[in-house]
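To keep things clear, I will list the structure first and then write my remarks on it.
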Amino acid sequence: MCGRTACSLAADNLRRACAYRDRRGRLRQPEWVRGERYQPSYNKGPQSSGPVLISRRHLHQDADSSERVLMDMRWGLVPSWFKNDDPSKLQFNTSNCRSDTMLKKSSYKGALLKGKRCVVLADGFYEWQQQQSGGKQPYFIYFPQTKDAMNEGTEGDEEWKGQRLLTMAGIFDCWEPPAGGEMLYTYTIITVDASKDVSFIHHRQVRAGKGLQAILDGDEAIRKWLDFAEVPTQEAVKLIQPTENIVFHPVSTFVNSIRNNTPECVAPIELGAKKEVKATPSNKVMLGWLKNSQEGSPQKKENDVPKWTSQFIHSPSPKKTSADILQQWLGKQREPAAKKRKV
């Protein structure tokens, strides 16, 4: 379950970071729709607005369905059939929808079958691990970043050289007030079973039914998810799978308050010390990113990806996974992770 994200890029750089190639192979940037409403944030929660990608054809019926636009939408889907004049009176939580029930529940089924698929954009998202002490330890989860992620380049550059945005599969809908008025665009983030590397954060015994975001890894997956005219629903849902191409680090409980909205929210800490990590060659990319919200990242290059977990624990065994390392951090205080069960 995703309850908090960060998206710190300014509107213009967010557009550049979402560059893609159209059917003719031309490099394009999606245009903003209602871009003036977008507000960067290190701490976004449900009911706030955030940036998403959709197919242009949802707005213009004669448009090429492969063309993309950026929109600022409210997080928490309000179904188009909702009859109350106040969308805040929706009686159930729609900030996330489980992949195994999204074609069964009326809140999502209609929109999904109409091709209302979107890609939710973020620097990364936060998850909290239950501690034996009763508290919760927050972690920031994101795509691996290349070493040149601090170099955002200039407006004329053909390729974006900043941070790589996390791209999550979502469903959106458009609700019209019964008495008339402005249309409200809202979205939900699809969740799947957590991958093995981060499943220790989402221990199923802590809260049943929780999962992690359905992450679309690579532009081809994004293209298929957005192009509803060329890729039917039954084909598109096959893209919804857990991914292991993510990294994470612990962050301060400063992020727990939604009122806190500074780079400190995503800054790495040392568990136990509860202080910001000193700059080292392996974490300068992240620390540089935190100091400049105008950065982003291209697709990762093999053998050029800093593993954030290594900046905290120096293990003699290179075969250990992120979960193994973090189990060491916790001092073997937690119970062994339960076997993953179906949502």
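So for the sequence shown, full-length UniProt numbering puts the first residue at 1; every next one is plus one. Every residue gets a Cβ at the ideal spot worked out from N, C-alpha and C, and that includes glycine. None of these values were measured; they are calculated from a predicted model.
Only residues of its own chain outside the window of five on either side were considered, and among them A6, Y42, N43, V251, F254 and V255 have a CB closer than 7 Å to the CB of C265, listed in chain order. The three-state secondary structure of I222, taken from DSSP, is helix. Contact between the stretch 56-72 and the stretch 92-99 is absent: fewer than three C-beta pairs spanning the two stretches fall below 8 Å. Note that the C-beta distance between L239 and L53 is not below 8 Å.
Counting only runs of 4 or more residues that sit fully inside the stretch 96-162, the alpha helix (DSSP H) segments are 106-113, in chain order. Going by beta carbons, F143 and R164 fall inside the 8 Å limit.
Note: K44 is bridge-paired with T5 in the DSSP secondary-structure output. Closest in C-alpha terms to T186, from the list A179, V192, W175 and G180, comes W175. Taking the CA atoms as reference points, A229 sits about 24 Å from Q213. Spatial neighbours of D148 in its own chain (CB-CB distance under 7 Å, excluding positions within 5 residues in sequence) are listed in chain order as K161. In this structure the stretch 7-19 lies against the stretch 34-41, because at least three pairs of beta carbons, one per stretch, are closer than 8 Å. Look at L239 here: in three-state DSSP terms it is helix. Annotation: the continuous alpha helix (DSSP H) that includes D12 extends over A11 to A17. Where F172 is concerned, the enclosing beta strand (DSSP E) starts and stops at L166 to W175. Taking each of S133, S257, F248 and R117 in turn and checking the Cα distance to I190, the smallest one comes out for R117. The straight-line gap separating the alpha-carbon atoms of I215 and Q61 is approximately 28 Å. Per DSSP, I269 lies in no beta strand (DSSP E) segment and is marked neither H nor E. The residues R4, N43 and G45, in chain order, have a CB closer than 8 Å to that of I258 in the same chain once the five nearest residues on each side in sequence are set aside.
Using a Cβ distance threshold of 8 Å, F172 and A122 do not count as a contacting pair. Relative to D85, the option among G180, G218, P232 and I222 whose CA is nearest is G180. Of the candidates R24, W32, D22 and G50, G50 places its Cα closest to the Cα of G170. Exclusion of the five residues before and after T262 leaves Y42 as the residues of its chain whose Cβ lies within less than 7 Å of its Cβ. Here W81 is not bridged, per DSSP, to any residue.
Look at R28 here: in three-state DSSP terms it is strand. Around the beta carbon of M73, a 10 Å sphere encloses 16 or more other beta carbons of the protein chains shown; the residue is thus reported as buried.
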